[in-house]
Amino acid sequence: MNRIWSKGVSILLVSIMVGGMLVSCSNSSGNGENGQGAEGDSQKLKILHNWNGSSGSDNGMTPVEKVIKEKTGVTLQWEYTKGSETEKVNQIFATQDLPDIYTGPAWGGELDGIVKAAKEGQLVDISDKLKDYPNLSKSIAKENVPPALYEKAIDAYGGKKYLLLQNQPATNKDGIDWLYGFYVRKDIAEKVGVDPQSVVTKEDFYNFLKKIKEANLQENGQPVFPLGGFSNGWAVGIGNTMFYSGASYVDKGDGTVERDFFTKGYEEYTLFYRKLVQEGLLDPEVFTQTDPIAKEKINQGRIAVLAAHYPAILDASKDYASSHSGSDYVPLGPLERADVEPNRPVDLGIQGNNVTAITKNCQGACVDAALKFLDFMASDEGFMLARYGVQGVHWEMKDGKPVAKKEWFDKFSTDTNMKLRKNEGISIGLESLTGLDRINSAAGGDIWAEQKRLDAMEKARKILRPNGIQVITAYNPGDVITKAPEWEMLKPSMDRMGDAWKEAVFAKSDEAAMSIINDLREQLRKTGYEKAMQFTNENLKGKDVVTVQMPN
Numbered sequence: 008m009n010r011i012w013s014k015g016v017s018i019l020l021v022s023i024m025v026g027g028m029l030v031s032c033s034n035s036s037g038n039g040e041n042g043q044g045a046e047g048d049s050q051k052l053k054i055l056h057n058w059n060g061s062s063g064s065d066n067g068m069t070p071v072e073k074v075i076k077e078k079t080g081v082t083l084q085w086e087y088t089k090g091s092e093t094e095k096v097n098q099i100f101a102t103q104d105l106p107d108i109y110t111g112p113a114w115g116g117e118l119d120g121i122v123k124a125a126k127e128g129q130l131v132d133i134s135d136k137l138k139d140y141p142n143l144s145k146s147i148a149k150e151n152v153p154p155a156l157y158e159k160a161i162d163a164y165g166g167k168k169y170l171l172l173q174n175q176p177a178t179n180k181d182g183i184d185w186l187y188g189f190y191v192r193k194d195i196a197e198k199v200g201v202d203p204q205s206v207v208t209k210e211d212f213y214n215f216l217k218k219i220k221e222a223n224l225q226e227n228g229q230p231v232f233p234l235g236g237f238s239n240g241w242a243v244g245i246g247n248t249m250f251y252s253g254a255s256y257v258d259k260g261d262g263t264v265e266r267d268f269f270t271k272g273y274e275e276y277t278l279f280y281r282k283l284v285q286e287g288l289l290d291p292e293v294f295t296q297t298d299p300i301a302k303e304k305i306n307q308g309r310i311a312v313l314a315a316h317y318p319a320i321l322d323a324s325k326d327y328a329s330s331h332s333g334s335d336y337v338p339l340g341p342l343e344r345a346d347v348e349p350n351r352p353v354d355l356g357i358q359g360n361n362v363t364a365i366t367k368n369c370q371g372a373c374v375d376a377a378l379k380f381l382d383f384m385a386s387d388e389g390f391m392l393a394r395y396g397v398q399g400v401h402w403e404m405k406d407g408k409p410v411a412k413k414e415w416f417d418k419f420s421t422d423t424n425m426k427l428r429k430n431e432g433i434s435i436g437l438e439s440l441t442g443l444d445r446i447n448s449a450a451g452g453d454i455w456a457e458q459k460r461l462d463a464m465e466k467a468r469k470i471l472r473p474n475g476i477q478v479i480t481a482y483n484p485g486d487v488i489t490k491a492p493e494w495e496m497l498k499p500s501m502d503r504m505g506d507a508w509k510e511a512v513f514a515k516s517d518e519a520a521m522s523i524i525n526d527l528r529e530q531l532r533k534t535g536y537e538k539a540m541q542f543t544n545e546n547l548k549g550k551d552v553v554t555v556q557m558p559n
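In terms of my numbering, the sequence shown is numbered consecutively and its last residue is 559.
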């Protein structure tokens, strides 16, 4: 497998993804229709940033957006997705309640939905205009896009171009390692007498959660759950790497791959989580709770072990940790990785953050305004504006490097809910529209990160990445199977796998859990799974294939 190797990949601590979907692109006086404003007037662009739980300013146009209007003549309008990103992308094209600009995750059902929209003529072909927008052209140059993604989403329309890839690392040191893992509150680990680094095997993990349960810990009269997560179960399921290699398609040992859902390791993984639920070791609301409820539990001190990436955990627990000395979350393990050599670097799929497209709702002058805006955001100036704020107001250049102004650094350091930052226009979703990610190679790093946070991240990285990381550049079978003739018939069954797993986890018995899994396996076979996998394996012959992966 060809990879970019790195021992010390820098970590981007910005973890906010936002967006919006609004009315039609029009002139500033509201007289335009169907995305066409009067010539010379400011254009309004409706942006859907399809990321669950995102949010923006409470105070109207921000200082950052005022600079954007001055530079590009564009006024932005936002709406923020609350709920499933896959459902959202499918909904907007089904109802034709379209934004002018769509941006959302560059993987899974969200990507499938936007690729389908492109093939159905729902998006604007920008191939004849890219020559005038060098920053956008660079972001989707073949050498700057993972090969399978390039074939599936960028260069899949007979020479036409519909999608832009955003936030793909420009260089190796711009790669984002989010440090996904299980993190325990340090004070709770001490109370139950367990060294977090001694939790290595799946048996260790189970016994550790059981010890926490048996301690009968409470906060303000409420029970402390041994294990929890964020909204809709994110990212509790990352324990799958203790049972199989972690990739969605696993190596069968004969030169072919199989979907993880059909493996013995997947069965063991499912029944393990079922045991956690049955024994009260996992928060029973974890798969149904909203993001505010999840964060409220964390801030109440009611979650002992959290599964997610470290920046999200640090943000969510900041208030509680600041008022309860020694309650910081620290990493467990590193936990064992099934079927993987112990000294292997951690395999991470770093595939940009999102894809961006102009929908057919935007026509005429709206398209040119959208491209001008997007190209500006993908410039170095736009990149730094989105991440740092307004130069001379929020930050300044010193010795050729951006430096946060102390007054704003101090304000933002106590801005635990990010509202002040968002009201200034930072972290409202603009950072998701800035082309290749060059946060370290060109922009100077995260100037808003507190030293305490940087130290915590560095310490966690040394624990969780003892052998460094390797960035996956191989072909993902999940991108190839979508080209199989059976895919349209198969896809609804494939989309059911996540829900079936949750149902199995809450089943009344192991037998009932396996019945749910096996019923869907049979449904997958009936809707073309075996032929689709045959197609996939034939098309992967001779190629480097992703069969080992850690969450990122």
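Cβ atoms here follow ideal geometry from the backbone N, Cα and C, with glycine treated the same way.
Inter-residue spacing [alpha-carbon to alpha-carbon] between residue i and residue j
| i | j | result |
| --- | --- | --- |
| GLN43 | ASN97 | The pLDDT assigned to GLN43 is 42, lower than 50, so where the model puts this residue is not dependable; a value taken from the coordinates is nonetheless given after this. Roughly 25 angstroms separates the two Cα atoms. |
| MET496 | VAL512 | 27 angstroms |
| ASN66 | ASN430 | 6 angstroms |
| LEU55 | ASN360 | 15 angstroms |
| LEU392 | ARG428 | 13 angstroms |
| GLY115 | LYS168 | 20 angstroms |
| MET504 | ASP526 | 11 angstroms |
| ASP107 | ASP375 | 12 angstroms |
| GLY371 | ALA125 | 18 angstroms |
| GLN556 | LYS159 | 20 angstroms |
| ASP322 | LYS123 | 35 angstroms |
| ALA539 | TYR157 | 21 angstroms |
| GLN5 | ASP453 | Residue 5 falls outside the range modelled here, since the chain spans only 8 to 559, and no answer is possible. |
| TYR395 | THR178 | 20 angstroms |
| LYS515 | PHE215 | 24 angstroms |
DSSP-derived helix/strand/coil call for residue i
| i | result |
| --- | --- |
| GLU197 | helix |
| ILE18 | Since pLDDT at ILE18 reaches only 35, below the 50 mark, its modelled position is unreliable, and the value read off the structure follows with that caveat. Correct three-state label for ILE18: coil. |
| TRP415 | helix |
| GLY485 | helix |
| TYR164 | coil |
| ASP107 | coil |
| ASN151 | helix |
| ASN57 | coil |
| GLU86 | strand |
| LEU7 | Nothing can be reported for residue 7: it is not among the residues displayed for the chain, which extend from 8 to 559. |
| LYS367 | coil |
| LYS509 | helix |
| ASP526 | helix |
| ASN361 | strand |
| PRO70 | helix |
| ARG344 | coil |
| MET28 | Note that MET28 has pLDDT 35, beneath the 50 cutoff, so the model's placement of it is unreliable and the number below is only indicative. It is coil, neither helix nor strand. |
| ILE183 | coil |
| LEU461 | helix |
| ALA520 | helix |
| ARG266 | strand |
| ASP382 | helix |
Span of the alpha helix (DSSP H) around residue i
| i | result |
| --- | --- |
| LEU392 | 387 to 395 |
| LYS282 | 271 to 285 |
| MET496 | 494 to 501 |
| ILE133 | First-last for ILE133: undefined, no H or E at that position. |
| TYR536 | 536 to 546 |
| LYS4 | Because the chain here runs from 8 to 559, residue 4 falls outside it and cannot be looked at. |
Those residues which DSSP pairs with residue i across a bridge
| i | result |
| --- | --- |
| PRO230 | GLN225 |
| MET557 | LEU355 |
| ARG472 | In DSSP, ARG472 forms no bridge with anything. |
| ASN253 | Inspection of the sequence shows that residue 253 is occupied by Gly rather than by Asn. Looking at the DSSP assignment, GLY253 forms a beta bridge with VAL555. |
| ILE310 | PHE232 |
| LEU137 | Partner(s): none; LEU137 has no beta bridge. |
| LYS408 | LYS405 |
| HIS331 | Paired residue(s): none; HIS331 is not in a bridge. |
Boundaries (first-last residue) of the beta strand (DSSP E) holding residue i
| i | result |
| --- | --- |
| ARG192 | 187 to 192 |
| GLU403 | 402 to 405 |
| PRO176 | Premise fails: PRO176 is in no beta strand (DSSP E) and is neither H nor E. |
| GLU92 | No beta strand (DSSP E) holds GLU92; the alpha helix (DSSP H) holding it covers 92 to 102. |
| PRO338 | 336 to 338 |
The ligand FAD heavy atom lying under 7 angstroms from the CB of residue i
| i | result |
| --- | --- |
| GLU221 | Because no ligand of any kind appears in the structure shown, any question about the ligand FAD cannot be addressed here. |
Review point. If we count Cβ pairs, one from each stretch, closer than 8 angstroms, do we get three or more for the segment 328 to 338 versus the segment 191 to 200?
Key: By the Cβ rule, the segment 328 to 338 counts as touching the segment 191 to 200, because three or more pairs are nearer than 8 angstroms.
Check your understanding: Can at least three beta-carbon pairs, one atom from the segment 260 to 279 and one from the segment 511 to 521, be found at a separation below 8 angstroms?
Key -> The segment 260 to 279 makes contact with the segment 511 to 521: 3 or more CB pairs, one atom from each, lie closer than 8 angstroms.
Check your understanding: Is there contact between the segment 429 to 447 and the segment 482 to 492, where contact requires at least three CB pairs shorter than 8 angstroms?
Key -> The segment 429 to 447 is not in contact with the segment 482 to 492.
Practice item. State whether the segment 250 to 268 contacts the segment 546 to 556, with contact taken as three or more CB pairs (one from each stretch) at a distance under 8 angstroms. Key: The segment 250 to 268 makes contact with the segment 546 to 556, as at least three CB pairs between them are under 8 angstroms.
Exercise for review: Would you check if there are 3 or more beta carbon pairs closer than 8 angstroms linking the segment 102 to 119 to the segment 465 to 475?
Suggested key: These segments do not touch.
Point to revise | Inter-stretch contact at 8 angstroms, needing at least 3 Cβ pairs: the segment 74 to 87 / the segment 120 to 136 | key: The segment 74 to 87 is not in contact with the segment 120 to 136.
Practice item. May I ask you to verify whether the segment 312 to 330 touches the segment 259 to 273, counting CB pairs closer than 8 angstroms and requiring at least 3? Key: These segments do not touch.
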